[in-house]
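Working notes for the structure below.
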Amino acid sequence: MRNTAGKNKNAADELAATDNIEVVEMDVADDELVSNGFNYIINKYGSIDVLINNAAVTGFGVAEGYSIDAYKKMFEINFYGAIRTYQAALPVMRKLKQGLIINLSTGASGFSVPYMVPYMASKFALETFIEGIDSELREFGIENVSIPCGVYSTGMADKGGHNADRSEITAEYPDFEPRLAALGTSMFGKMQEFDMNPQAIADGIQSLIDMEKGFRPLRYPIDAIAQGTDQEFITAKRKIKRKWAAKYGIDF
């Protein structure tokens, strides 16, 4: 957790008082804090059995309306944050030849939507990393899973700070405001219709942890709103990839 001695002290203290929970100061956007946090846990417990990459930020706006710096800030947490934790956890996982890494992605991780392009791009990058490194880690007995999840009421979108920051560019898009409002209304309406409780994600993570080693899927969608179309997309993509790989003579 970030700022355990500052604004998050009360939450950190409450968690630390709970059985089987140890709170460690860490910020996935900070190389040193990630390294220190993981080293502390590894030195104390000797291993990391499961790593869950859940930290993320989102934002809204036209793609052109984001400065390069704003794009970088999005990727710093959503993409590079996960890379940092992988690099911190993999040495001990490889040594012990076991480990499970679960990554929270997005339900649209195979395609993009307007007015959320930087966020989607960061998740595309994460999905590409997960898919590629999965083959590389197989010989070490390390399993690697992406959870493409749908729209849940977690409060992530309420924090702000990662929206388009070039207002003069955004002003050149006359239909932006009503279209963004329509997108928000649609997502919020679907959240209510399908009762998108974040507990479903926690239950899904527990299910993955409880699965027999060697039988965990690369992608494990949890999105009631998609009504199975997410799994349909994943299955079709996997089939096409296998055909492509066969043409190139590549063994994944």
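Be aware that the sequence shown starts at -10, since it is given in the working numbering, and climbs by one per residue. For each residue, glycine too, the CB sits at the ideal point set by N, CA and C.
The residues A153, R155, I158 and T159, in chain order, have a CB closer than 7 angstroms to that of G54 in the same chain once the five nearest residues on each side in sequence are set aside. The residues D154, in chain order, have a CB closer than 6 angstroms to that of A59 in the same chain once the five nearest residues on each side in sequence are set aside. The Cβ atoms of L197 and I91 sit closer than 8 angstroms to each other. If you draw a straight line from the Cα of Q220 to the Cα of A(-6), it comes to about 42 angstroms. A residue is called buried when at least 16 other Cβ atoms come within 10 angstroms of its Cβ; P167 does not meet this threshold and is exposed. Look at the segment 163 to 227 and you find no whole run of beta strand (DSSP E) that is 3 residues long or longer. Bridge pairing for N133: I90 [DSSP].
In this structure, G139 lies near G96, with their beta-carbon atoms less than 8 angstroms apart. Here the segment 113 to 133 lies against the segment 197 to 211, with 3 or more beta-carbon pairs under 8 angstroms apart. The continuous stretches of alpha helix (DSSP H) do not include V39, which lies in the beta strand (DSSP E) extending over residues V39 to N42. Of the residues K61, K33, L40 and V81, the one whose Cα lies closest to the Cα of G150 is K61. Nearest to G26 by C-alpha distance, out of G50, T7, R(-9) and I211, is R(-9). Taking a C-beta distance under 8 angstroms as the contact criterion, A71 and L115 qualify as a contact pair. About 10 angstroms separates the beta carbon of T74 from that of N43, a gap too long to meet the 8 angstroms contact definition. Between V17 and I66, the gap from beta carbon to beta carbon is short of 8 angstroms. By alpha-carbon distance to M15, the top candidate from Y29, N9 and A6 is Y29.
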